[in-house]
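Novice: Quick one: the structure is below, questions incoming.
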Amino acid sequence: MLLDHAALGDILGVDVPESVTSVGAVTHDSRDVVPGGAFVAIPGFLVDGVDFVPQALSRGASLVVAEREVPGVPTAIVPDARTALARLAVEVTGRPSEKLTVYGITGTNGKTTSSYVLHAILSAAYGTDHTGLMTTAEIAVGDSREVSERTTGEAPIVQGNLARMVDAGVQHVVLETSSHGIHLHRVLGTHYAAALFTNLTRDHIDLHGTMEDYYLTKRRLFEWTAGPKLSNVDDVYGKRLAEEIPGTLTFGLSENADYRIVGERVEGGGTAFELQTPRGMLELKTPLLGDYNVHNVAGASAIALEMGMDPEVLVRAVETMDQVPGRFERVPAALDHGIEVVVDYAHTDIGLQAVLDVARDVAQARGADARVICIYGAAGDRDKAKRPLMGQVASRLADVGIITTDDAYSEDPQAIADEVATGADLSRTTIVLDRRKAIELALSQARPGDVVVVAGKGHERVQHLPDGDIEFHDATVVNELLATPAG
Ligand SMILES: CC(=O)N[C@H]1[C@@H](OP(=O)(O)OP(=O)(O)OC[C@H]2O[C@@H](n3ccc(=O)[nH]c3=O)[C@H](O)[C@@H]2O)O[C@H](CO)[C@@H](O)[C@@H]1O[C@H](C)C(=O)N[C@@H](C)C(=O)N[C@H](CCC(=O)O)C(=O)O
Ligand SMILES: Nc1ncnc2c1ncn2[C@@H]1O[C@H](COP(=O)(O)OP(=O)(O)OP(=O)(O)O)[C@@H](O)[C@H]1O
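Position 173 of the sequence shown, counted from 1, bears residue number 173 in the UniProt record's numbering, the numbering being contiguous throughout.
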């Protein structure tokens with residue numbers, strides 16, 4: 001949509017240089033500028049967007065927006081560049097969220113999984129071609145899927161994707177909404193029809209400073225949402241959210257939950273439970289395993305029901321949904337070899353504990369001698385405190401541990417592995433830095449019945465190493481190795 005000079009002044013609330021007649025696109029990245037588009041210079045954490053104004057102009061930017069004067073360049077000077085970016089992105093794409101039903105999902109854990117459950121329910125009700133998804137793992141615009149780069153992209157990405165969805169005839173969209181997304185105004189101006197809160201545990205303190213700020217940031221999604229709001233009452237912050245935001249309903253194990261989980265049990269390779277709803281009881285079965293996934297399924301179901309979903313359609317959708325990419329993703333080909341191989345995104349001690357608890361249940365169901373073999377590692381340039389804790393958890397919950405390289409970024413993979421190993425039981429742990437070789441070792445050691453957990457990278461397709469990025473997708477590598485005759 002073309003924004004003229006007057007519209008630009010209204011949107012930005014500041015003087016726009018006289019020379020600017022109109023703008024047809026907006027970006028915060030000089031490399032993505034198109035002729036006639038606006039470039040918004042964000043003062044980043046590492047570099048300042050203003051440094052890239054010359055490149056933006058050389059690519060044909062018709063408007064520069066920044067928080068300070070850019071010498072020699074007519075600039076719209078705004079108090080907050082990210083707010084300006086979001087406002088321009090919403091308007092230039094024609095306010096797409098107002099033409100869609102957008103479901104926002106936030107929380108520390110379970111956002112992606114809950115998003116996939118809700119997407120499966122919506123797809124069953126309205127058709128995959130009328131349903132969209134934006135998550136850490138994938139972006140789905142109707143039937144077309146692409147790999148996602150971020151949980152919640154910058155405003156031009158979010159609004160651009162929503163606009164693509166409108167053009168493609170999508171009506172219902174699940175938008176995984178991170179606290180970065182809210183704090184950095186990536187979703188500002190997005191019209192949410194419904195909101196779901198999964199839980200809140202310690203994370204992202206580098207961005208928020210305190211848990212209180214982290215919570216209040218997530219709470220804003222609920223302040224923006226006029227329609228149905230669901231919160232996990234079993235979580236301390238979820239309970240608080242329901243108390244603080246009028247009209248918020250709850251789900252969980254608690255007796256007082258509006259949507260109450262009862263009778264959870266492992267059944268037919270998946271999980272079954274009853275959901276007591278304000279309008280009667282639903283018998284739900286899901287292929288997903290693990291206590292936490294019962295909460296994810298319950299929350300997604302509750303929000304869908306509050307939005308008027310047919311319960312029968314919902315029950316069928318939950319039962320037949322596909323695996324979530326990289327979240328306890330079972331590799332089918334492994335079963336032909338008598339073993340179970342699971343790829344999971346767990347990249348913290350807490351995540352590792354959750355996945356290994358479920359893996360242990362699966363192993364026990366496969367036989368008294370079945371072992372859990374865990375391949376894991378910690379990322380570089382990130383929280384170092386978790387490294388020995390990951391070693392401890394893996395040694396406590398797995399029979400065999402193989403420490404390997406995750407995304408090392410600029411750090412030495414051997415040094416990271418050594419730090420992880422300080423927490424591990426070295427009598428049952430090997431370090432194999434090459435991730436492919438580590439997986440190969442685990443598969444060669446696995447005996448019939450064993451469960452192999454490949455933790456850390458989940459759906460991701462690139463490994464970031466000090467020498468550069470390489471293509472690496474755990475499930476693909478597992479399949480390749482399983483297809484290679486042992487030699
Ligand atoms: C810590 C953090 O949030 N960093 C964000 C920040 O990066 P930065 O300050 O280092 O800045 P920069 O990207 O180097 O550059 C500053 C500006 O110059 C621009 N630039 C840069 C280079 C160039 O050639 N031309 C150009 O115009 C950039 O587009 C940017 O606008 O500003 C960038 C642009 O807006 C963001 O992309 C970047 O997110 C980074 C990539 C990131 O990974 N963020 C993570 C932590 C994140 O957002 N995670 C949450 C989910 C977390 C979860 O739920 O677990 C998410 O929603 O994904
Ligand atoms: N409801 C939940 N409560 C606690 N832990 C969970 C829950 N759901 C998932 N997990 C754990 O968190 C991991 C990541 O799950 P998921 O990707 O759904 O969460 P997320 O919030 O989207 O995180 P990310 O944005 O990092 O992908 C899972 O592998 C599992 O170990």
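For glycine and all other residues, C-beta sits at the position ideal for the given N, C-alpha and C.
(1) Would you kindly work out how many angstroms separate the C-alpha atoms of N296 and A378, rounded to a whole number?
(2) When we look at the beta-carbon of S427 and count the other beta-carbons within 10 Å, is it buried (16 or more) or exposed?
(3) Look at I373 and A455 and say whether their C-beta atoms are less than 8 Å apart.
(4) Would you mind working out which of W224, D167, E319, R279 sits nearest A272, comparing C-alpha positions?
(5) Around the Cβ of V47, are there at least 16 other Cβ atoms within 10 angstroms (buried) or fewer (exposed)?
(6) If distances are taken between C-alpha atoms only, which option among L8, G13, H172 comes closest to G37?
(7) Pull every residue with its beta-carbon under 6 Å away from any heavy atom of ligand 1, and keep them in chain order.
(8) From which residue to which residue does the alpha helix (DSSP H) around Y376 run?
(9) If you measure between the beta carbons of V420 and P388, is that distance less than 8 Å?
(10) I'd like the span of the beta strand (DSSP E) that includes D469, first residue to last.
(11) Any idea if Q327 is buried or exposed, counting beta-carbon neighbours within 10 angstroms, 16 or more meaning buried?
(12) In this structure, what does DSSP give as the bridge partners for Q463?
(13) Find the nearest neighbour of N232 within the set S254, P71, M307, V14, judged by alpha-carbon distance.
(14) Taking the alpha helix (DSSP H) that A155 falls in, what are its first and last residues?
(15) Once DSSP output is grouped into helix, strand and coil, what is the label at H5?
(16) Where M134 and T152 are concerned, what is the direct C-alpha to C-alpha distance, given to the nearest angstrom?
(17) Pick from G449, V452, E411, D406: whose alpha carbon is nearest that of F472?
(18) Could you compute how far the alpha carbon of G44 sits from the alpha carbon of G127?
(19) Which residues in the same chain have their Cβ closer than 6 Å to the Cβ of I245, if we skip the five residues on either side of it in sequence?
(20) Can you tell me where the alpha helix (DSSP H) with R435 in it begins and where it stops?
(21) For I403, which of G247, K384, G60, I439 has the nearest alpha-carbon?
(22) What does S144 pair with, by DSSP beta-bridge criteria?
(23) Determine, using beta-carbon pairs with one atom in the region 102-118 and one in the region 186-193, whether at least three such pairs fall under 8 Å.
(24) Going by the beta-carbon positions, is the gap between V453 and V355 smaller than 8 Å?
(25) Give the range of the alpha helix (DSSP H) segment to which Y237 is assigned.
(26) Within this structure, are the beta carbons of L122 and H185 separated by less than 8 Å?
(27) Of all the beta strand (DSSP E) runs that stay within the bounds of the UniProt domain "Mur ligase C-terminal" (326-458), which reach a length of 3 or more residues?
(28) Could I get the ranges of all uninterrupted beta strand (DSSP E) runs contained in the region 72-134, with 3 residues as the minimum, in chain order?
(29) Leaving out the 5 sequence neighbours to the left and right, which residues in its chain are closer than 6 Å to D425 when beta-carbon positions are compared?
(30) With hydrogens ignored, establish whether the beta-carbon of G107 is closer than 7 Å to any heavy atom of ligand 2.
(31) Any contact of the region 109-116 with the region 279-299, i.e. 3+ C-beta pairs under 8 Å?
(32) Inspect the CB distances between the region 305-319 and the region 328-341 and report whether three or more fall short of 8 Å.
(33) Is G110 a contact residue of ligand 2, with contact defined as CB to any heavy atom under 7 Å?
(34) When DSSP labels each residue in this structure, what does M211 get in the three-state scheme?
(35) How is F52 classed by DSSP in three states: helix, strand or coil?
(36) Roughly how many angstroms separate the alpha carbons of T476 and T201, rounded to a whole number?
Specialist: Reading it off the structure:
(1) Within the sequence shown, residue 296 is the residue found at index 296, counting from 1. Within the sequence shown, residue 378 is the residue found at index 378, counting from 1. Taking the straight line from one Cα to the other gives about 26 Å.
(2) Residue mapping note: residue 427 aligns to position 427 of the sequence shown, counting from 1. Label assigned to S427: exposed.
(3) By one-based count along the sequence shown, residue 373 stands at place 373. By one-based count along the sequence shown, residue 455 stands at place 455. No, Cβ-Cβ distance for I373 and A455 is not below 8 Å.
(4) Numbered from its first residue, the sequence shown carries residue 272 at position 272. Comparing Cα positions, the closest option is E319.
(5) Looking up residue 47 in the sequence shown gives position 47. Classification of V47: exposed, given that the 10 Å Cβ count is below 16.
(6) What you label residue 37 is simply residue 37 of the sequence shown in a count that begins at 1. Among L8, G13, H172, the Cα nearest to that of G37 is on L8.
(7) H28, D29, S30, R31, I42, G44, F45, L46, V47, G49, F52, R150, T151, T152, E154, S178, H180, G181
(8) Along the sequence shown, read from residue 1 onward, the residue named residue 376 stands at position 376. No alpha helix (DSSP H) contains Y376, which is instead part of the beta strand (DSSP E) from 372-376.
(9) For the purposes of this step, residue 420 is identified with residue 420 of the sequence shown, where counting begins at 1. For the purposes of this step, residue 388 is identified with residue 388 of the sequence shown, where counting begins at 1. Going by C-beta atoms, V420 is nearer than 8 Å to P388.
(10) Here residue 469 refers to the residue found at position 469 when the sequence shown is read from its first residue. Counting along the chain, the beta strand (DSSP E) containing D469 begins and ends at 468-471.
(11) Against the sequence shown, residue 327 aligns to sequence position 327. With the sequence shown as reference, residue 327 is identified as Arg, and Gln is not the correct amino acid for it. By the neighbour-count rule (16 or more Cβ atoms within 10 Å), R327 is buried.
(12) Here residue 463 corresponds to residue number 463 of the sequence shown, with the count starting at 1. Beta-bridge pairing links Q463 to I470.
(13) Walking along the sequence shown from the start, residue 232 turns up at place 232. Out of S254, P71, M307, V14, S254 has the C-alpha closest to the C-alpha of N232.
(14) Taking the sequence shown and counting its residues from 1, one reaches residue 155 at position 155. Taken as a continuous stretch (DSSP letters only), the alpha helix (DSSP H) holding A155 covers 155-167.
(15) Start at 1 with the first residue of the sequence shown, and residue 5 comes out as number 5. The answer is helix: DSSP assigns H5 an H, G or I state.
(16) Position 134 of the sequence shown, counted from the first residue, corresponds to residue 134. Position 152 of the sequence shown, counted from the first residue, corresponds to residue 152. Between M134 and T152, the C-alpha separation is close to 8 Å.
(17) Taking the first residue of the sequence shown as 1, we reach residue 472 at position 472. The candidate whose alpha carbon is nearest that of F472 is D406.
(18) Counting from one through the sequence shown, the residue named residue 44 turns up at place 44. Counting from one through the sequence shown, the residue named residue 127 turns up at place 127. Going from the Cα of G44 to the Cα of G127 covers about 40 Å.
(19) As a first step, residue 245 must be located in the sequence shown, where it is residue number 245. So the list reads F222, once near-sequence residues are dropped.
(20) Walking along the sequence shown from the start, residue 435 turns up at place 435. Note, R435: alpha helix (DSSP H), 435-445.
(21) Counting from one through the sequence shown, the residue named residue 403 turns up at place 403. Among G247, K384, G60, I439, the Cα nearest to that of I403 is on I439.
(22) Against the sequence shown, residue 144 aligns to sequence position 144. Paired residues: V141.
(23) yes
(24) Within the sequence shown, residue 453 is the residue found at index 453, counting from 1. Within the sequence shown, residue 355 is the residue found at index 355, counting from 1. Yes; because the gap between Cβ atoms is below 8 Å, this pair is in contact.
(25) Translated into positions along the sequence shown, residue 237 becomes position 237. Where Y237 is concerned, the enclosing alpha helix (DSSP H) stretches over 236-244.
(26) Stepping through the sequence shown from its first residue, residue 122 is reached at position 122. Stepping through the sequence shown from its first residue, residue 185 is reached at position 185. Not in contact: L122 and H185 (Cβ atoms no closer than 8 Å).
(27) 340-344, 372-376, 400-403, 429-431, 451-455
(28) 75-77, 101-106, 131-134
(29) Your numbering for residue 425 matches position 425 in the sequence shown. Excluding residues within five positions, the ones whose Cβ falls inside 6 Å are S395.
(30) On the sequence shown, position 107 is the one that residue 107 refers to. Yes - ligand 2 has a heavy atom lying nearer than 7 Å to the Cβ of G107.
(31) yes
(32) no
(33) Here residue 110 refers to the residue found at position 110 of the sequence shown. It does: the Cβ of G110 is within 7 Å (strictly closer) of some heavy atom of ligand 2.
(34) The residue given as residue 211 occupies position 211 in the sequence shown. Reduced to three states, the DSSP call for M211 is helix.
(35) The residue labelled residue 52 in the question sits at position 52 within the sequence shown. Correct three-state label for F52: helix.
(36) On the sequence shown, position 476 is the one that residue 476 refers to. On the sequence shown, position 201 is the one that residue 201 refers to. In a straight line, the C-alpha of T476 is about 32 Å away from that of T201.
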